[in-house]
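Working notes, structure below.
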Amino acid sequence: GADTLPGAKRLYLPLRTGRTAVGVVGLDNDKQGPLLTPEQQRLLDALADQAAVAIERIQLVADVDRARLAAEADRLRTALLTSISHDLKTPLAAIMGAAGTLREYAAALPEKDRAELLSTVVDESERLNRFIANLLDMTKIESGAMEPNYAFHYVGDIVGSALDRARKITGEHRIDTDIPTDLPMLRLDPVLFEQALFNLLDNAAKYAPPDSTIRLQGWVDNGSVILQVMDEGPGIPPDDLERIFDTFYRVRKRDQVRAGTGLGLSISRGFVEAMGGMISAANRTDRPGAIFTIRMPVPEEIPNLAVAKTDDAA
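In this text, residue positions in the sequence shown follow this note's numbering: the first is 706, and each later residue adds one.
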């Protein structure tokens, strides 16, 4: 289409904006004579300009999204480094201190002191293990590698397992449970669901004062099984209710923050939602304290396990 090549059958126009060129548009025509009339040339130029502007806008939106994702990734990276440097270093320091004391002065220490130091090593090792497990679980959730291993289970059995596992953490609290035995069975992954409950119990024990009551109750509501974990702590500030399940987010009280990576509640939400449920947080109305509510859908078809066991026995 150039003046020097009047016989050319193809025309290429750059798609230019005020910032840069964003592409090229080509026109191919096998007819004899000029490719375009002057009017068609002006129309093509106008369309090319409009297309360039549209493409630039799309690229700008993509740039903004990339910048936002990069900023979020940087925020999470900073939070992770802060968590590792503080929350993971604290149990390590306690373990090293107790182990070093035992190594140097075991023979001179009374039996009671040696037992306390050993207990410190075990407790802080378990705490460190929970932190690391939470980090690994969150990595699986965010990478999309979390695939629940579904089976039908009675929620009361999983509640019992979670309470047994959290017995040491909740040792300074009273546990009150009200889980009816006639609740319908749920289709869920027992390992993930137990971990979600364990994290809620850990959170309740962390923020509620000693000798307070942690209550677990369940019931059926509109085709779902509702499970609540209630504590008698200070509750959740209204500004934090929407962010309480965010990764690495921890509620601040005055100038202090409880030990932890801020991953427990986020992992609970990830596990519950991966199994098709919902989790929410609120404050109690009858007294100070927080309420965490899990809503799991009741499956449409539930196997009759009693009949199945009878058939197996026969």
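Cβ atoms here follow ideal geometry from the backbone N, Cα and C, with glycine treated the same way.
Same chain, Cβ closer than 7 Å to Leu970, five either side skipped, listed in chain order: Locating residue 970 in the sequence shown gives position 265, where the first residue counts as 1. Around Leu970: Asn904, Asn908, Ile949 and Phe950.
With H, G and I counted as helix, E and B as strand and the rest as coil, what does DSSP make of Tyr717? Residue mapping note: residue 717 aligns to position 12 of the sequence shown, counting from 1. Looking at Tyr717 - three-state DSSP - the assignment turns out to be strand.
Would you decide whether Ile1007 is buried or exposed? Buried here means 16 or more other CB atoms lie within 10 Å of its CB. Numbered from its first residue, the sequence shown carries residue 1007 at position 302. Answer is exposed; the Cβ neighbour count stays below 16.
For His878, does the count of other Cβ atoms within 10 angstroms reach 16, so buried, or fall short, so exposed? The residue given as residue 878 occupies position 173 in the sequence shown. His878 comes out buried.
Taking one C-beta from the region 879-888 and one from the region 990-1001 each time, how about it: are there three or more such pairs within less than 8 Å? no
Hey, how far is the Cα of Ala745 from the Cα of Arg721? As a working mapping, residue 745 is identified with position 40 in the sequence shown. As a working mapping, residue 721 is identified with position 16 in the sequence shown. Note on residue identity: the sequence assigns Gln, not Ala, to residue 745. Straight-line Cα distance between these residues: approximately 19 Å.
Span of the beta strand (DSSP E) holding Gly731? Taking the sequence shown and counting its residues from 1, the one referred to as residue 731 is at position 26. Its beta strand (DSSP E) spans residues Ala726 to Asp733.
On the criterion of 16 or more Cβ atoms from any shown chain inside 10 Å, does Pro796 qualify as buried, or is it exposed? Position 91 of the sequence shown holds residue 796. So Pro796 counts as buried.
Would the region 722-735 and the region 760-768 be scored as touching if the rule is three or more Cβ pairs under 8 Å? yes
C-alpha gap between Thr886 and Glu899, whole angstroms: Residue numbering aside, residue 886 sits at position 181 when the sequence shown is read from its first letter. Residue numbering aside, residue 899 sits at position 194 when the sequence shown is read from its first letter. About 18 Å.
How many angstroms separate the CA atom of Ala871 from the CA atom of Leu841? Here the question's residue 871 lines up with position 166 in the sequence shown. Here the question's residue 841 lines up with position 136 in the sequence shown. Cα to Cα, the separation comes out at about 20 Å.
Can you tell me whether Ala979 is helix, strand or coil according to DSSP? For the purposes of this step, residue 979 is taken as the residue at position 274 of the sequence shown. Residue state, collapsed to three classes: helix.
Taking the alpha-carbon positions, what's the Gly728 to Asp750 distance? As a first step, residue 728 must be located in the sequence shown, where it is residue number 23. As a first step, residue 750 must be located in the sequence shown, where it is residue number 45. The straight-line gap from Cα to Cα measures roughly 14 Å.
For Ala804, does the three-state DSSP call read helix, strand or coil? For this step, residue 804 is matched to residue 99 along the sequence shown. The answer is helix: DSSP assigns Ala804 an H, G or I state.
If the criterion is Cβ atoms closer than 8 Å, does the pair Val826 and Ile863 meet it? Along the sequence shown, read from residue 1 onward, the residue named residue 826 stands at position 121. Along the sequence shown, read from residue 1 onward, the residue named residue 863 stands at position 158. No, Cβ-Cβ distance for Val826 and Ile863 is not below 8 Å.
Throw me the rounded Cβ distance for the Pro939 and Pro993 pair, which I believe falls under 8 Å. The residue labelled residue 939 in the question sits at position 234 within the sequence shown. The residue labelled residue 993 in the question sits at position 288 within the sequence shown. 6 Å between Cβ atoms; contact.
Reference Arg874; option with closest CA among Glu831, Ala726 and Lys714: Indexing the sequence shown from 1 puts residue 874 at position 169. Sequence check: residue 874 is Ile here, not Arg. Nearest of Glu831, Ala726 and Lys714 to Ile874, Cα basis: Glu831.
Under 8 Å between the Cβ atoms of Leu888 and Gly865? As a working note, residue 888 is residue 183 in the sequence shown. As a working note, residue 865 is residue 160 in the sequence shown. The answer is no: Cβ separation not under 8 Å.
Check whether Pro853 and Leu906 have beta carbons under 8 Å apart: For the purposes of this step, residue 853 is taken as residue 148 along the sequence shown, with counting starting at 1. For the purposes of this step, residue 906 is taken as residue 201 along the sequence shown, with counting starting at 1. Taking 8 Å as the Cβ cut-off, Pro853 and Leu906 do not qualify as a contacting pair.
Using a threshold of 7 Å, is the CB atom of Thr844 nearer than that to any non-hydrogen atom of the ligand GTP? Among the components of this structure there are no ligands whatsoever, and the ligand GTP is therefore not found.
Looking at Tyr912 and Asp945, is the spacing between their C-beta atoms short of 8 Å? The count along the sequence shown starts at 1 and reaches residue 945 at position 240. The count along the sequence shown starts at 1 and reaches residue 912 at position 207. Going by C-beta atoms, Asp945 is not nearer than 8 Å to Tyr912.
What's the gap between the Cα of Thr990 and the Cα of Pro943? To locate residue 990, count along the sequence shown from 1; it is residue 285. To locate residue 943, count along the sequence shown from 1; it is residue 238. Going from the Cα of Thr990 to the Cα of Pro943 covers about 13 Å.
Suppose you measure from the CA of Asn734 to the CA of Ala726; what does that come to, to the nearest Å? For this step, residue 734 is matched to residue 29 along the sequence shown. For this step, residue 726 is matched to residue 21 along the sequence shown. Approximately 24 Å, taken between the alpha carbons.
Three-state secondary structure assigned by DSSP to Gln737: The count along the sequence shown starts at 1 and reaches residue 737 at position 32. It is coil, neither helix nor strand.
Closest residue to Val977 among Leu921, Ala820 and Ala901 (Cα-Cα distance): Translated into the one-based positions of the sequence shown, residue 977 becomes position 272. Answer by Cα proximity: Ala901.
Give the straight-line distance between the Cα atoms of Ala838 and Asp770, rounded to the nearest whole angstrom. On the sequence shown, residue 838 is found 133 positions in, with the first residue counted as 1. On the sequence shown, residue 770 is found 65 positions in, with the first residue counted as 1. For Ala838 and Asp770, the distance between alpha carbons rounds to 31 Å.
Between Leu793, Tyr717 and Pro895, which has its C-alpha nearest Leu833's C-alpha? One-based indexing of the sequence shown puts residue 833 at position 128. Selected option, being the one with the closest Cα: Leu793.
Have a look at the DSSP bridge pairing and note the partners of Gly923. Within the sequence shown, numbered from 1, the residue matching residue 923 stands at position 218. Note: Gly923 sits in a beta bridge opposite Leu932.
Identity of the residue in Ser985, Asp828, Ala776 and Tyr855 nearest Glu947 by Cα: Sequence index remark: in the sequence shown, residue 947 carries index 242 (1-based). That would be Ser985, whose Cα lies nearest to the Cα of Glu947.
Once DSSP output is grouped into helix, strand and coil, what is the label at Asp883? Start at 1 with the first residue of the sequence shown, and residue 883 comes out as number 178. Strand, per DSSP.
Label Val930 either buried or exposed according to how many other C-beta atoms from any shown protein chain fall within 10 Å of its C-beta, with 16 as the threshold for buried. For the purposes of this step, residue 930 is taken as the residue at position 225 of the sequence shown. Flag for Val930 reads buried.
Rounded straight-line distance, which links the Cα of Tyr717 to that of Val730: Translated into the one-based positions of the sequence shown, residue 730 becomes position 25. Translated into the one-based positions of the sequence shown, residue 717 becomes position 12. Straight-line Cα distance between these residues: approximately 6 Å.
With 16 other CB atoms within 10 Å as the buried threshold, where does Asp869 fall? The sequence position of residue 869 within the sequence shown is 164, counting from 1. Burial call: exposed.
Decide if Arg959 is buried, meaning its Cβ has at least 16 other Cβ atoms within 10 Å, or exposed. Start at 1 with the first residue of the sequence shown, and residue 959 comes out as number 254. Confidence at Arg959 is low in this model, with a pLDDT of 42, below 50, so the placement of that residue should be treated as unreliable; the coordinate-derived value is given next. Exposed, because fewer than 16 other Cβ atoms sit within 10 Å of the Cβ of Arg959.
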